[in-house]
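J.: One rule links them: number in my numbering = place in the sequence shown (from 1) + 4. Where is the CB? At the ideal position from N, CA and C, for every residue including glycine. One structure coming up, written as structure tokens, with questions to follow.
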Amino acid sequence: MGEKNDDGILVIPTIPDIPAKLSWNKKMSNEFEDRLFIMLSIAGLSGCCQVNIPVGKHDGYPISISLIAAHGADKFLLDTVLDIHSSLQEQINIASNMAPLPDFNGDMDTSELLKEKNVKAYLRRGTAREMLLSYKEAFEDFKHALVLEPQNKVARCAEKRLKRTMS
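Put into structure tokens, the structure is as follows:
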């Protein structure tokens, strides 16, 4: 029988959405609160231990990561946080001082999307744009994928999700 290995750490974003700005005084919508607590409830519901580490700000938005370890591995998780904290801060400082990455969307337009009926290319670009919070452009990609393949469930679900997000 295989041995269970519980000495790993799962690193995930603290929340799956854009966080509220630090200066935000408005009440959060119920939908936003639900999305906010999805990632925070993983450890609680599974019995694992979780640590949230604030790593900085970007355009007034707080940025943080969550580290999750197995049930009973609290000391291991906290020791790991102590071990990596200084190097994590150093890497964040290096990354924040780097020049912005070039925009490669044009490359994708000219290569993958030249294949007129490449639904996967539109789905991939739509997904990438959604993750970059370019909802309008992502919506257009998913809509175009549906024109090419009207029964595509992934595109249909993404289109509905983006309609809710943009409204």
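Thinking C-alpha only, which one of Met-43, Ala-132, Arg-133, Ala-125 is nearest Ala-149?
T.: Numbered from 1 along the sequence shown, position 145 holds the residue referred to as residue 149. Here the closest residue by C-alpha is Ala-125.
J.: How many angstroms separate the CA atom of Gly-12 from the CA atom of Cys-52?
T.: For the purposes of this step, residue 12 is taken as residue 8 along the sequence shown, with counting starting at 1. For the purposes of this step, residue 52 is taken as residue 48 along the sequence shown, with counting starting at 1. Just so you know, the alpha carbons of Gly-12 and Cys-52 end up roughly 12 Å apart.
J.: Between the Cα of Lys-164 and the Cα atoms of Ala-74, Lys-147, Ala-99, which residue gives the shortest distance?
T.: By 1-based counting over the sequence shown, the position of residue 164 is 160. Relative to Lys-164, the option among Ala-74, Lys-147, Ala-99 whose CA is nearest is Lys-147.
J.: Decide if Gln-54 is buried, meaning its Cβ has at least 16 other Cβ atoms within 10 Å, or exposed.
T.: Residue numbering aside, residue 54 sits at position 50 when the sequence shown is read from its first letter. Classification of Gln-54: buried, given that the 10 Å Cβ count is 16 or more.
J.: The ligand NAP and Ile-69: does the residue's C-beta get closer than 6 Å to at least one heavy atom of that ligand?
T.: This structure lacks the ligand NAP, and indeed carries no ligand of any kind.
J.: In this structure, does DSSP put Asn-34 in helix, strand or coil?
T.: On the sequence shown, position 30 is the one that residue 34 refers to. For Asn-34, the three-state secondary structure derived from DSSP is helix.
J.: Assuming Ile-42 and Pro-20 form a contact by the criterion Cβ under 8 Å, report the distance between their Cβ atoms to the nearest whole angstrom.
T.: What you label residue 42 is simply residue 38 of the sequence shown in a count that begins at 1. What you label residue 20 is simply residue 16 of the sequence shown in a count that begins at 1. That belief holds up - the Cβ atoms of Ile-42 and Pro-20 are roughly 6 Å apart, short of 8 Å.
J.: Alpha carbon to alpha carbon, how far is Leu-166 from Lys-25?
T.: As a working mapping, residue 166 is identified with position 162 in the sequence shown. As a working mapping, residue 25 is identified with position 21 in the sequence shown. Computed Cα separation, rounded: 21 Å.
J.: Please check the pair Ser-68 and Ile-57, which I expect to be a contact at CB under 8 Å, by giving their CB distance rounded to whole angstroms.
T.: To locate residue 68, count along the sequence shown from 1; it is residue 64. To locate residue 57, count along the sequence shown from 1; it is residue 53. Indeed, because the Cβ distance is near 6 Å, the residues count as touching under 8 Å.
J.: Looking at the unbroken beta strand (DSSP E) that takes in Cys-53, where does it start and where does it end?
T.: Here the question's residue 53 lines up with position 49 in the sequence shown. Start and end: 53-62.
J.: Ignore the nearest five residues each way along the sequence and tell me which others in Ile-96's own chain have a CB closer than 6 Å to its CB.
T.: Here residue 96 refers to the residue found at position 92 of the sequence shown. Correct list, in chain order: Val-59, Gly-60.
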